[in-house]
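One line per chain: the protein sequences are A and B, in this order. Under this note's numbering, the letters of the first sequence match residues 55 to 486, in that order. Under this note's numbering, the letters of the second sequence match residues 55 to 486, in that order. Below is one structure, written out as structure tokens; comments come after it.
Protein chains: 2
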Amino acid sequence: MQEVSTRPRVVIVGAGFGGLAAAKRLAGRAVDVTVVDRRNHHLFQPLLYQVATAALSPADIAAPIRSILANARNVRVLLDEVHDVDADSNRVALASGRSLEYDWLILATGARHSYFGRDEWAAHAPGLKSIEDALAIRRKVLLALEQAENETDPERRKALLTFVVIGAGPTGVEMAGAIAELARRAVSSDFRSITPHCSRVVLVEAGKRVLSAFPGKLSDDAARSLVDLGVEVRLGSPVFDVGSGYVQLGDELILARTIVWAAGVQASPAAEWLDAEQDMNGRIFVEPNLRVPSRERIFAIGDTANAADRSGKPLPAVAPVAKQQGQYVADVILGRRKAAFAYRDFGNLATIGRSKAVIDWGALQLSGLTAWLIWSVAHIWFLVGFRSRIAVAISWLWSYATYQRNARLITGEHPSTPTQLKRLPTLERKCA
Amino acid sequence: MQEVSTRPRVVIVGAGFGGLAAAKRLAGRAVDVTVVDRRNHHLFQPLLYQVATAALSPADIAAPIRSILANARNVRVLLDEVHDVDADSNRVALASGRSLEYDWLILATGARHSYFGRDEWAAHAPGLKSIEDALAIRRKVLLALEQAENETDPERRKALLTFVVIGAGPTGVEMAGAIAELARRAVSSDFRSITPHCSRVVLVEAGKRVLSAFPGKLSDDAARSLVDLGVEVRLGSPVFDVGSGYVQLGDELILARTIVWAAGVQASPAAEWLDAEQDMNGRIFVEPNLRVPSRERIFAIGDTANAADRSGKPLPAVAPVAKQQGQYVADVILGRRKAAFAYRDFGNLATIGRSKAVIDWGALQLSGLTAWLIWSVAHIWFLVGFRSRIAVAISWLWSYATYQRNARLITGEHPSTPTQLKRLPTLERKCA
Numbered sequence: 055m056q057e058v059s060t061r062p063r064v065v066i067v068g069a070g071f072g073g074l075a076a077a078k079r080l081a082g083r084a085v086d087v088t089v090v091d092r093r094n095h096h097l098f099q100p101l102l103y104q105v106a107t108a109a110l111s112p113a114d115i116a117a118p119i120r121s122i123l124a125n126a127r128n129v130r131v132l133l134d135e136v137h138d139v140d141a142d143s144n145r146v147a148l149a150s151g152r153s154l155e156y157d158w159l160i161l162a163t164g165a166r167h168s169y170f171g172r173d174e175w176a177a178h179a180p181g182l183k184s185i186e187d188a189l190a191i192r193r194k195v196l197l198a199l200e201q202a203e204n205e206t207d208p209e210r211r212k213a214l215l216t217f218v219v220i221g222a223g224p225t226g227v228e229m230a231g232a233i234a235e236l237a238r239r240a241v242s243s244d245f246r247s248i249t250p251h252c253s254r255v256v257l258v259e260a261g262k263r264v265l266s267a268f269p270g271k272l273s274d275d276a277a278r279s280l281v282d283l284g285v286e287v288r289l290g291s292p293v294f295d296v297g298s299g300y301v302q303l304g305d306e307l308i309l310a311r312t313i314v315w316a317a318g319v320q321a322s323p324a325a326e327w328l329d330a331e332q333d334m335n336g337r338i339f340v341e342p343n344l345r346v347p348s349r350e351r352i353f354a355i356g357d358t359a360n361a362a363d364r365s366g367k368p369l370p371a372v373a374p375v376a377k378q379q380g381q382y383v384a385d386v387i388l389g390r391r392k393a394a395f396a397y398r399d400f401g402n403l404a405t406i407g408r409s410k411a412v413i414d415w416g417a418l419q420l421s422g423l424t425a426w427l428i429w430s431v432a433h434i435w436f437l438v439g440f441r442s443r444i445a446v447a448i449s450w451l452w453s454y455a456t457y458q459r460n461a462r463l464i465t466g467e468h469p470s471t472p473t474q475l476k477r478l479p480t481l482e483r484k485c486a
Numbered sequence: 055m056q057e058v059s060t061r062p063r064v065v066i067v068g069a070g071f072g073g074l075a076a077a078k079r080l081a082g083r084a085v086d087v088t089v090v091d092r093r094n095h096h097l098f099q100p101l102l103y104q105v106a107t108a109a110l111s112p113a114d115i116a117a118p119i120r121s122i123l124a125n126a127r128n129v130r131v132l133l134d135e136v137h138d139v140d141a142d143s144n145r146v147a148l149a150s151g152r153s154l155e156y157d158w159l160i161l162a163t164g165a166r167h168s169y170f171g172r173d174e175w176a177a178h179a180p181g182l183k184s185i186e187d188a189l190a191i192r193r194k195v196l197l198a199l200e201q202a203e204n205e206t207d208p209e210r211r212k213a214l215l216t217f218v219v220i221g222a223g224p225t226g227v228e229m230a231g232a233i234a235e236l237a238r239r240a241v242s243s244d245f246r247s248i249t250p251h252c253s254r255v256v257l258v259e260a261g262k263r264v265l266s267a268f269p270g271k272l273s274d275d276a277a278r279s280l281v282d283l284g285v286e287v288r289l290g291s292p293v294f295d296v297g298s299g300y301v302q303l304g305d306e307l308i309l310a311r312t313i314v315w316a317a318g319v320q321a322s323p324a325a326e327w328l329d330a331e332q333d334m335n336g337r338i339f340v341e342p343n344l345r346v347p348s349r350e351r352i353f354a355i356g357d358t359a360n361a362a363d364r365s366g367k368p369l370p371a372v373a374p375v376a377k378q379q380g381q382y383v384a385d386v387i388l389g390r391r392k393a394a395f396a397y398r399d400f401g402n403l404a405t406i407g408r409s410k411a412v413i414d415w416g417a418l419q420l421s422g423l424t425a426w427l428i429w430s431v432a433h434i435w436f437l438v439g440f441r442s443r444i445a446v447a448i449s450w451l452w453s454y455a456t457y458q459r460n461a462r463l464i465t466g467e468h469p470s471t472p473t474q475l476k477r478l479p480t481l482e483r484k485c486a
């Protein structure tokens, strides 16, 4: 390989939808690109809830970043973590102790869940952002069913079979629907003591409706679909407390062994690295061309950025925004674009469960089976890598035809955590 | 469900090949069966090395025990761990504190790796028995490649790219072949600093040949296939010491960041529970009808048992033996068989890598592509569950056509463990 130091160096931090889109757009161009990510894989986050509910395997929705970029010979991939940015000397500090010099820096570091200052809730109500998160939730849900099967005390069995999802945005709605399908349907014939109608799935939302980013009619359709699946939808119910095995909603205490957090996200600390002005979710307020104010050579995109649309409203934290921003920023670096970033909105999709989804295309609003088919095709299409598409398509067809889940594995350090019972459970199928 | 206490109660400990075969044979018969396993899934162990080398996902080769037995209404599955057996009162003690009473007990508890009394080696040379083991090895192998890509010190890079497999039985041969394919071929175009020929894979064996259970000609064919894949085969090389980053063979010290143990197994402590006579691997010497001596109602099968064939030689610790023993024991319990157990040997298969396998059918011995095709079809056929078969078949066809691996994910608590380097690595593709 020839000496390359005279070409502009672009450092991309984070290989989510935004960072990856930028790297792909810069591939083969006269720039030297380094992609830094603390994980070796790009994750198709919109399907992560399917890993958490045992429908897909991690490898179905994740691919090594360096495989995706293997043919981009001007792109290097570095497994490392950014700790700081020195904008004056144009350097990024890495966890390994090394530093990277850049001519252009793209911050695409994404977001984590946020507990609104109640970080102690995290231990009891895990969120869903990484493969580890998804496997931890899968383990929790499947172990609760196993323990319920062995439990004879009616109160404890009830708590084991109660699943609470906090937050009714797209992730919360998908999780609630998928848990209901898993716990009330997919596994029902496998157990001897518990029966499908024993499981209770509660979706808790502080606001007035589910999927608040969608028009009211679609929110209503989604809520109805959830109820059809057996989900209790609790609107206007802010959470007052979360602890080991319970959720407090106003006067009501729900005892539940499994609680999932889908209520809030917080951007990564990129704003702190740059001492940049941030919104309440930690996202950097960026200029119309996605530059960080007063940092000519630094862009922030995706969930890291608070970018306003034409009406001044912040763009939603969704994959298409991040992707288009990544491509835009790459074009700016290559000198091909000068105009401000403009988001082309191709519509908004959310799924609830088997045959149930909603689509908002502005004038056209769809729900039900048609929406679900479009959602399925779109998600398979956008999956990175031809092979993942086939694998996921087959898994879905299989699940659809048989109601079965493929990835019902309890793995981890202590695979069996049996309940502390002295008596043998009865063989009757009763539901306390 | 009706009162069932008058029917004989069969307790099966372990849902590997032996325990599952017994449970299936007892399904729908006039017995009440309880299967106890500390994991929720049955594992198709012969393909576990493919999970460890990123070719398959865990869910491709594992299925929930209770799904497999869902239609056997007289069979219950209990996620729990057996701690002891009280043969005088016919009870099994569980980790949960409960106990189970039995009329017949089948011990099918399997085996773990054994370090020949050098348990301190376990931390440096993990073995391959569970999904957790496989994911840990996958993580180790993939991280070594990532760190090698970032490493500038030639000695350390060399150690990162050296993979040692200890033990040249079927598992060791498969692991060495698969690691060579992964590290020297599958990932080669994804890296910028390391090249395929940098990776060194060493298969270490104390004995005189690989696959010692096979005829000499097939051992030679297998060794040649390994060499073709770029594996260094070191026969007659007992291991003197294993430590952090090294293996000591006689005078030679091999520096290697990744060491895999495939040299020995040790049966689970079932012999201790019963105070039964055991062989040097902890297996219970059983009677010709697979009963534990002087325990009329207790059978031991599979890797838990040392059962002699007609010539007095112990049967090999392979899946077909365990399966046939499970079926046999179920038949004995049902009163359908009285004669001693006789193993029907349908041949011995082992694979080395892409298009390379060996088959021993006694008179007919095969190696190369034909053997590999037969091996592939046989393994897909025996995979539990129709869906896994499709998934694995597609993964294999995909890998075969593209040389790619599907499941190259580094997951776990600390996904990035960067090396401690100060300098930026060079972009040259050189191999120290």
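All residues carry an ideal CB built from backbone N, CA and C; glycine is no exception.
Could you tell me the distance, in whole angstroms, from the CA atom of B/Ala51 to the CA atom of B/Leu97?
Residue 51 of chain B lies beyond the stretch modelled for chain B, which goes from 55 to 486, so this question has no answer here.
Taking its Cβ as the centre, do 16 or more other Cβ atoms sit within 10 Å of B/Val281, making it buried, or is it exposed?
Label assigned to B/Val281: exposed.
Quick one: Cα of A/Arg364 to Cα of A/Glu341, how far?
When rounded, the distance between both Cα atoms is 12 Å.
Would you mind sorting A/Pro374 into buried or exposed? The rule is 16 or more other CB atoms within 10 Å of its CB.
Buried, since its Cβ has 16 or more Cβ neighbours within 10 Å.
Taking the alpha carbon of B/Arg390 as the point to measure from, which residue in B/Val412, B/Leu418, B/Asn343, B/Leu272 has its own alpha carbon closest?
Comparing Cα positions, the closest option is B/Asn343.
Assign A/Ala177 to buried or exposed, taking buried as 16 or more other Cβ atoms, counted over all protein chains shown, within 10 Å of its Cβ.
When all chains shown are included, A/Ala177 counts as exposed.
From the beta carbon of A/Phe71, is the nearest beta carbon of chain B less than 9 Å away?
It does not: the Cβ of A/Phe71 has no partner Cβ on chain B nearer than 9 Å.
Can A/Ile352 and A/Leu159 be called in contact, C-beta distance under 9 Å?
Yes, they are a contact pair.
Determine the burial state of A/Gly407: buried for a count of at least 16 other Cβ atoms within 10 Å of its Cβ, exposed for fewer.
By the neighbour-count rule (16 or more Cβ atoms within 10 Å), A/Gly407 is buried.
Assign A/Tyr397 to one of three DSSP states: helix, strand, or coil.
The answer is coil: DSSP assigns A/Tyr397 none of H, G, I, E or B.
Taking Cβ positions, are B/Val319 and B/Ala310 nearer each other than 9 Å?
No. Outside cutoff.
Under three-state DSSP, which class holds A/Leu403?
Three-state DSSP puts A/Leu403 in a strand.
Please report how far the alpha carbon of B/Asn402 lies from the alpha carbon of B/Phe268, in whole angstroms.
Distance between the alpha carbons of B/Asn402 and B/Phe268: 8 Å.
Grab me the residues of B/Phe294's own chain with a C-beta within less than 6 Å of its C-beta, minus the 5 sequence neighbours each way, in chain order.
Around B/Phe294: Gln302.
In chain A, which residues lie less than 7 Å from B/Thr465 when you measure between Cβ atoms?
Result: Pro112, Ile185, Glu186.
Can you tell me the Cα-Cα spacing of A/Ser409 and A/Ile115, whole angstroms?
Between A/Ser409 and A/Ile115, the C-alpha separation is close to 21 Å.
On the DSSP bridge assignment, give the partners of A/Gln104 in chain order.
In DSSP, A/Gln104 forms no bridge with anything.
Whole angstroms are fine: how far does the CA of B/Trp429 sit from the CA of B/Leu423?
If I take the Cα positions, the gap works out to 10 Å.
Put B/Thr206 into one of helix, strand or coil per three-state DSSP.
It is coil, neither helix nor strand.
Give a yes or no on contact between the stretch 220–238 of chain A and the stretch 254–264 of chain A, applying the rule of three or more CB pairs nearer than 8 Å.
Because the criterion of three Cβ pairs below 8 Å is met, the stretch 220–238 of chain A and the stretch 254–264 of chain A touch.
Give a yes or no on whether the minimum CB-CB distance between B/Leu133 and chain A is below 9 Å.
Interface residue, yes.
Determine the extent of the alpha helix (DSSP H) in which B/Tyr382 is found, giving its start and end residues.
Looking at the DSSP string, the run of the alpha helix (DSSP H) that includes B/Tyr382 is 373–387.
Any beta carbon from chain A within less than 9 Å of B/Gln99's own beta carbon?
So no, B/Gln99 is outside the interface.
Would you say A/Arg477 faces chain B, with C-beta separation under 9 Å as the test?
Since pLDDT at A/Arg477 reaches only 34, below the 50 mark, its modelled position is unreliable, and no value is offered.
On a Cα-Cα basis, can you pick out the residue from A/Val131, A/Leu133, A/Leu161 that is closest to A/Arg145?
Nearest C-alpha to A/Arg145: A/Leu161.
Could you tell me whether the Cβ of B/Arg197 comes closer than 9 Å to any Cβ of chain A?
Correcting the residue type first, residue 197 of chain B is Leu in the shown sequence and not Arg. Closer than 9 Å to some Cβ of chain A, the Cβ of B/Leu197 qualifies, so yes.
Please report the distance separating the alpha-carbon of B/Leu182 from that of B/Arg398.
Their Cα atoms are separated by approximately 27 Å.
Which residues share a DSSP beta bridge with B/Leu147?
Note that residue 147 of chain B is Ala in the sequence shown here, rather than Leu. Partner(s): B/Asp138, B/Ser153.
Can you list, in chain order, the residues of the stretch 76–97 of chain B whose Cβ is nearer than 7 Å to any Cβ on chain A?
Going along the stretch 76–97 of chain B in chain order, one finds Arg92, Arg93, Asn94, His95 with a Cβ nearer than 7 Å to chain A.
May I have the straight-line CA-CA distance separating B/Leu272 from B/Arg79, to the nearest angstrom?
In a straight line, the C-alpha of B/Leu272 is about 35 Å away from that of B/Arg79.
Could you name the residues that DSSP lists as bridge partners for B/Ser421?
According to DSSP, B/Ser421 bridges with B/Val412.
Check the C-beta distance from B/Ala411 over to B/Trp426 and give it rounded, since I have them as a contact under 8 Å.
With a Cβ gap of about 4 Å, B/Ala411 and B/Trp426 count as contacting.
Kindly list, in the order they appear in chain A, the residues whose Cβ is closer than 8 Å to that of B/Ser291.
Ordered by position in chain A, no residue passes the 8 Å Cβ test against B/Ser291, which lies about 33 Å from the chain.
Taking Cβ positions only, does A/Phe245 come closer than 9 Å to chain B?
At least one chain B Cβ lies under 9 Å of A/Phe245.
Here's a check: name, in chain order, each residue in its chain whose Cβ is nearer than 6 Å to the Cβ of A/Phe71, leaving out the five neighbours to either side.
Counting only Cβ-Cβ distances below 6 Å, and skipping sequence neighbours, we find Ala373, Ala376, Lys377.
Out of B/Ala432, B/Arg92, B/Pro62, B/Glu331, point me to the one whose CA is closest to B/Glu155's CA.
The candidate whose alpha carbon is nearest that of B/Glu155 is B/Pro62.
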